[in-house]
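> Under the numbering used here, think of the first position of the sequence shown as 521, with each following residue one higher. The beta carbon of each residue, even a glycine, is placed where N, CA and C say it ideally should be. Since we're looking at a predicted model, the values are computed, not measured. Sharing a structure here in C-alpha cells format.
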Amino acid sequence: MRIVALLSVILLGASCAFFSARASELPSIETLAQSPHLADAQMSPTGGYFAARVSQGDLRAFSLYRLQDGALEPLFQAVDTEDVFVQWSRWISDDALLLRIGRYGGSKVSVYVDGERERMRPYFASNLFVLTLDSLGEDDEKPLRRIAEESQLVSILPSDPDHILVEKWSGCCSREVYKVNIRADEKPVRVQDRIRNVYSWTADRNGNVRVGYGADSDNNRVLVARLHGEEEYQDLSHLVDDVDKRFYPLAFTEDLNRLYVGSNHETDTIAVYIYDLATNAFVEQVYHNPDFDVSSIDVGMRTGALRSVSFEASGTETVYFDPLMKGEISKLERNFPDSAVYFSSFSDNADFGIVSVSAPNFPEQLYVYDREGKKLHPLPEQYPGLPPDVLGDQFADSYPSRDGLSIPAYVTLPPGLDSLKAAKNIPFIIMPHGGPAHRDFAGFDIWAQSYAMLGYGVLQMNFRGSTGYGLEFEKAGRRQWGETMQDDITDGVRWLIEEGMADPERIAIVGASYGGYAALMGVIKTPELYQCAVAFAGVTNLFDLLKYADRDSYVVRLIGDRFQDDEDLEFNSPLFRDKDVGRPVMLIHGRLDGVVPFEHSENFYTRLKFDDKPVEFVQLPRTGHGLNDYDDRLRFYDEQRRYIHGCMGGEE
C-alpha cells in the first residue's frame, strides 16, 4: 500500500491560519489541552527552508515551509491519521528531508478500546522515507518515497548527500549497517557486518562505521571500536563493564582516532572527555560541572569541532565553545533578560537559526534568526490563547530531607505572588515527577500552570534517585520506592507547612507514572497531609514491573528482587495496601498503556471499591502512557481539575 493512501498528504499554497490569543481571560480547557504548536523545528542547511511537527487542536502533522524574510510559506503537510504518523524529520541536504514514519502493524495483541475488548495492532516505527523539494510539483502524486524498512538511522553523510547509513536487525541480537541511496532505486550496500550482541553503531564524519555498542544475554555490556583506516575491531568492553561507571561515545573529534565521550570515571557527575582509540586512554577533560551531569554536546558534522556542551542545572544550560555562537547567544540574552535562550537549530554557515526563548511564566517562543540582517522574526505562538497575566512565577529552592540530603525543588505560585515570602497559607498541589530515573526542571510547565492559574501553589521536587545530579544522588534512590524517596516528598510537604506557604488543610498530591505511584503512596503512608490524590498511569503492583526482569537487570537494581525482597515489594505496592488508603483517590489511565498496564489502575480500583473507599476511575480510550490524544487530554484536564477543586473544599 502506498504511503499516500496511509497518510493524508496536502500540498499547501495558502498561508497558515493560527489561533490568536485572548488576553485577560482564564484559559479554556481546550487551550490547556493543546500540544505546543511547533515541535522538532529544524532549519535547512542553507537556511532557506523550515520543517517542524505542527499541532493545532486535534490536528497533528509534519509541515515543510519556505522561509521568506522570516515568514513561512507552506509547501507540504503530512497529517497524522489513526494508523500513521511522522515521528521525526532530519535534513539530509538543502533539498532533501529524511522522515521516520510510525505505523501500526505486525502481530496483534488484545487491548481494551471504548469499553470493549478487541484486537489491535501494536505500535512500531521503523520505516524511513525521503522528501525532496523537486518532488513537490503539482503533478507528482508520490512526494514521499520509502527508502528503508524496519531501519534506524546511523548517519547522514555530509560529503555524500545522495546516501545515508542505516542499521537493520540481523538475527535476535545484532544489527548490520547499509548504505542507502536516497535519490535512486538501487539495492542497499552492506558496509558493516553483524558482530554478535552489537546493536547500535556510530560512524565518523567520513561515513566509516567505527564504534559499536550492545549487550549480551546476561546484560553484560559490549563496546567495540576500530582505528581509522583499519578493519579489525578492538574490544573496549572493559570501559562499560561497571554499571555505575559511565562511558558514552558521543562523537568523533577533528582527529578521527579520538572520541568525545561522557564519563564519570574520576568524577561523581558526568563530564566530557577526549578518549584516544590508538592508545586506549583518556587524553583530556574537556568540560565538567561538579554539581550537574553533562546531558549532550554539539559537534560540527563536517569538522568534528566541539561547538557546545549542555548540562542539567535548574534548566538545561549550554556552554558555547564556538566563538561565533557564543557571541550571538550573548547578544540575544541581553535582549531577553531572565529568560532561557538557546539555538535549537542552525544553518551550516550560521547565517540563520531557530532561537528558543522561554521562562517559567512564559511559554516557549520560537524565532527565525537572521544574523546578517540582524533580525528576529517571531514564529506562531506555542500556546495560542494563553495570556501571560494568568501565569504564575516559579522559584527554585531546596529543602533538607530528614537524613540531611538537600532536595532541589521548584515552587510555582499563583499570579500576583512575586516571592516565596509572599505565599501565605495558600492551597498547594504536590507534584512528584515520573521515572523515577528522571527529573524536573525550572521552566514553563503547562500542567503546573493549570493549577497556578486557579490559585494553587505547586511543589515539584527532585527526590533522591532523580537523574542529573551525579551518581551518588541517583544511587541513593535505588530500591527506595515507597521508602526514602517517598520520605523526600513528605519532607517537602512539611517544609511548605513550616515555612507558612501551604495551608495544611488544603494540600493534594498528583502525579503521572512513578509520580502517580508516589501520589498513591502519599495517601497510604501519610494521609493526614493530603485532602486527596490523583494518579495518572500510576504503578500499583511492583511485582508486575519485575515479572520479566533478569535478576541483574537495571529494573531490579532500581526496584528490588521479586524473590529476595518480596515482603518489601508487597509493603510498598499500593495494590496490597488498599486498606491503608486514608484519603479519596482519582485514578486515570489510558487503555493503550504499554509501559504501566491499564490493569494497574483497574485492579486497584476494584479493591478500593470492595473496601468501600472513596475512589473515581477515569478511563481514557485512545491514550497510551502519555497524553497524545487531544480528546483524551481534554477529558484529563477537565476531570482532574474538577476533582481537585472538589476535594479542596470548592463546589464542583
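Pick helix, strand or coil for Val1043, following the three-state DSSP scheme.
Indexing the sequence shown from 1 puts residue 1043 at position 523. DSSP places Val1043 in helix when its eight states are reduced to three.
> State buried or exposed for Ala581, treating a residue as buried only when at least 16 other CB atoms are found within 10 Å of its CB.
Along the sequence shown, one-based indexing puts residue 581 at 61. So Ala581 ends up on the buried side.
> Looking at the unbroken beta strand (DSSP E) that takes in Ile946, where does it start and where does it end?
For the purposes of this step, residue 946 is taken as residue 426 along the sequence shown, with counting starting at 1. 946–950 is the extent of the beta strand (DSSP E) around Ile946.
> Candidates Val697, Ser757, Leu779, Tyr719: which alpha carbon is nearest His748's?
Position 228 of the sequence shown, counted from the first residue, corresponds to residue 748. Considering only alpha carbons, the answer is Leu779.
> Whose C-alpha, out of Gly1166, Arg1161, Gly1169, Cys1167, is nearest the C-alpha of Pro547?
As a first step, residue 547 must be located in the sequence shown, where it is residue number 27. When only C-alpha atoms are compared, the closest one is Arg1161.
> Please work out which residues of its chain come closer than 6 Å, Cβ to Cβ, to Ile621, disregarding the five sequence neighbours upstream and downstream, and give them in chain order.
The sequence position of residue 621 within the sequence shown is 101, counting from 1. Cβ neighbours of Ile621 beyond the five flanking positions: Val606, Asn647, Phe649.
> From the DSSP secondary-structure annotation, give me the bridge partner or partners of Lys995.
Counting from 1 along the sequence shown, the entry for residue 995 is found at position 475. Its beta-bridge partners do not exist; DSSP assigns none.
> Do you know how far the Cα of Asp1023 is from the Cα of Ile1017?
Residue numbering aside, residue 1017 sits at position 497 when the sequence shown is read from its first letter. Residue numbering aside, residue 1023 sits at position 503 when the sequence shown is read from its first letter. Computed Cα separation, rounded: 7 Å.
> Straight-line CA distance for Pro1134 to Val697?
By 1-based counting over the sequence shown, the position of residue 1134 is 614. By 1-based counting over the sequence shown, the position of residue 697 is 177. In a straight line, the C-alpha of Pro1134 is about 56 Å away from that of Val697.
> Go ahead and pull the three-state DSSP assignment for Leu552.
For this step, residue 552 is matched to residue 32 along the sequence shown. Looking at Leu552 - three-state DSSP - the assignment turns out to be helix.
> Mind the definition here: the stretch 962–969 touches the stretch 912–932 only if three or more C-beta pairs lie below 8 Å; say whether that holds.
As far as the Cβ criterion goes, the stretch 962–969 touches the stretch 912–932, which means the pair count is three or higher.
> Look at the alpha carbon of Val781 and the alpha carbon of Ala591, and state the distance between them as a whole number of angstroms.
Against the sequence shown, residue 781 aligns to sequence position 261. Against the sequence shown, residue 591 aligns to sequence position 71. Using only the alpha carbons, I get a separation of about 39 Å.
> Strictly by DSSP, which residues pair up with His683?
Here residue 683 refers to the residue found at position 163 of the sequence shown. Answer is Asn701, bridged to His683.
> Excluding five sequence neighbours on each side, which residues of the same chain lie with their C-beta closer than 7 Å to the C-beta of Ala1173?
In the structure as shown, the chain starts at 521 and stops at 1172, and residue 1173 therefore has no counterpart that could be examined.
> Tyr1150 and Asp578 look like a contact to me (Cβ under 8 Å); what is the Cβ gap, rounded to whole Å?
Here residue 1150 refers to the residue found at position 630 when the sequence shown is read from its first residue. Here residue 578 refers to the residue found at position 58 when the sequence shown is read from its first residue. Going by Cβ atoms, the distance from Tyr1150 to Asp578 rounds to 4 Å, so yes, they are a contact pair.
> Kindly indicate the opening and closing residues of the alpha helix (DSSP H) around Ser828.
Taking the sequence shown and counting its residues from 1, one reaches residue 828 at position 308. Careful: Ser828 lies outside any alpha helix (DSSP H), inside the beta strand (DSSP E) at 826–832.
> Looking only at its own chain, which residues have a Cβ that is under 6 Å from the Cβ of Arg610, when we skip the five neighbours before and after it?
Your numbering for residue 610 matches position 90 in the sequence shown. Taken in chain order, the residues that qualify are Leu618.
> Here's a check: name, in chain order, each residue in its chain whose Cβ is nearer than 6 Å to the Cβ of Thr1060, leaving out the five neighbours to either side.
Locating residue 1060 in the sequence shown gives position 540, counting from the first residue. Excluding residues within five positions, the ones whose Cβ falls inside 6 Å are Pro1094, Leu1095, His1120, Phe1124.
> Classify Val1101 as helix, strand or coil using the three-state DSSP reduction.
The residue labelled residue 1101 in the question sits at position 581 within the sequence shown. Residue state, collapsed to three classes: coil.
> So the candidates are Glu1136, Ser675, Asp615; which of them puts its Cα closest to the Cα of Glu687?
Residue mapping note: residue 687 aligns to position 167 of the sequence shown, counting from 1. With distances taken between Cα atoms, Glu687 lies closest to Ser675.
> Let's test the definition: count the other Cβ atoms within 10 Å of the Cβ of Pro952 and tell me whether it reaches 16, buried, or not, exposed.
The residue labelled residue 952 in the question sits at position 432 within the sequence shown. Buried is the call here.
> Whose C-alpha, out of Asp1113, Tyr1157, Arg1097, is nearest the C-alpha of Gly1146?
The sequence position of residue 1146 within the sequence shown is 626, counting from 1. When only C-alpha atoms are compared, the closest one is Asp1113.
> Since Phe831 contacts Ser850 with CB under 8 Å, what's their CB separation in whole angstroms?
The residue given as residue 831 occupies position 311 in the sequence shown. The residue given as residue 850 occupies position 330 in the sequence shown. Their Cβ separation, rounded to whole angstroms, is 18 Å, which puts Phe831 and Ser850 out of contact at 8 Å.
> Name the DSSP beta bridge partners of Val888, please?
Here residue 888 refers to the residue found at position 368 of the sequence shown. In the DSSP output, where bridge partners are listed per residue, Val888 has Ile874, His897.
> Verify the contact flag: Arg710, CB atom, against every heavy atom of the ligand MG, threshold strictly below 7 Å.
Looking for the ligand MG in the displayed structure turns up nothing, as the structure carries no ligands at all.
> Measure the Cβ-Cβ separation of Gly985 and Met1005 and say whether it is below 8 Å.
Stepping through the sequence shown from its first residue, residue 985 is reached at position 465. Stepping through the sequence shown from its first residue, residue 1005 is reached at position 485. Yes; because the gap between Cβ atoms is below 8 Å, this pair is in contact.
> How big is the Cα-Cα spacing for Arg1097 and Asp1088?
The residue you call residue 1097 lines up with position 577 of the sequence shown. The residue you call residue 1088 lines up with position 568 of the sequence shown. Taking the straight line from one Cα to the other gives about 12 Å.
> Count the other CB atoms, across all protein chains shown, that sit within 10 Å of the CB of Asn777; report buried if there are 16 or more and exposed otherwise.
By 1-based counting over the sequence shown, the position of residue 777 is 257. Answer is buried; the Cβ neighbour count reaches 16.
> Is it true that the CB of Val760 sits closer than 8 Å to the CB of Arg746?
The count along the sequence shown starts at 1 and reaches residue 746 at position 226. The count along the sequence shown starts at 1 and reaches residue 760 at position 240. No, the pair does not count as a contact, with Cβ atoms beyond the cut-off.
> Just how far apart, CA to CA, sit Cys692 and Leu770?
To locate residue 692, count along the sequence shown from 1; it is residue 172. To locate residue 770, count along the sequence shown from 1; it is residue 250. Going by the C-alpha atoms only, they are around 26 Å apart.
> Suppose the cutoff is 8 Å on Cβ atoms and the five residues either side in sequence are ignored; what does the same chain contact list for Ile927 look like?
Your numbering for residue 927 matches position 407 in the sequence shown. Excluding positions up to five away in sequence, the list reads Ser918, Tyr919, Pro920, Ser921, Met981, Asn982, Phe983, Arg984, Asp1008, Asp1011, Gly1012.
> From Gln588 to Asp909, what distance separates their C-alpha atoms?
Here residue 588 refers to the residue found at position 68 when the sequence shown is read from its first residue. Here residue 909 refers to the residue found at position 389 when the sequence shown is read from its first residue. Approximately 32 Å, taken between the alpha carbons.
> Which whole-angstrom value describes the C-beta separation of Ala1039 and Ala1057, a residue pair presumed to lie in contact below a C-beta threshold of 8 Å?
Along the sequence shown, read from residue 1 onward, the residue named residue 1039 stands at position 519. Along the sequence shown, read from residue 1 onward, the residue named residue 1057 stands at position 537. Not really, about 11 Å apart at Cβ, beyond 8 Å.
> Can you tell which of Phe767, Val1115, Val711 has its C-alpha closest to the C-alpha of Leu1065?
In the sequence shown, counting from the first residue as 1, residue 1065 sits at position 545. Looking at the Cα atoms, Val1115 is the closest of the given residues.
> Please confirm whether Gly963 and Ser865 have their CB atoms less than 8 Å apart.
Within the sequence shown, numbered from 1, the residue matching residue 963 stands at position 443. Within the sequence shown, numbered from 1, the residue matching residue 865 stands at position 345. No, these two residues do not count as a Cβ contact at 8 Å.
> Classify Arg1026 as buried or exposed, calling it buried when 16 or more other Cβ atoms lie within 10 Å of its own Cβ.
Taking the sequence shown and counting its residues from 1, the one referred to as residue 1026 is at position 506. Burial call: buried.
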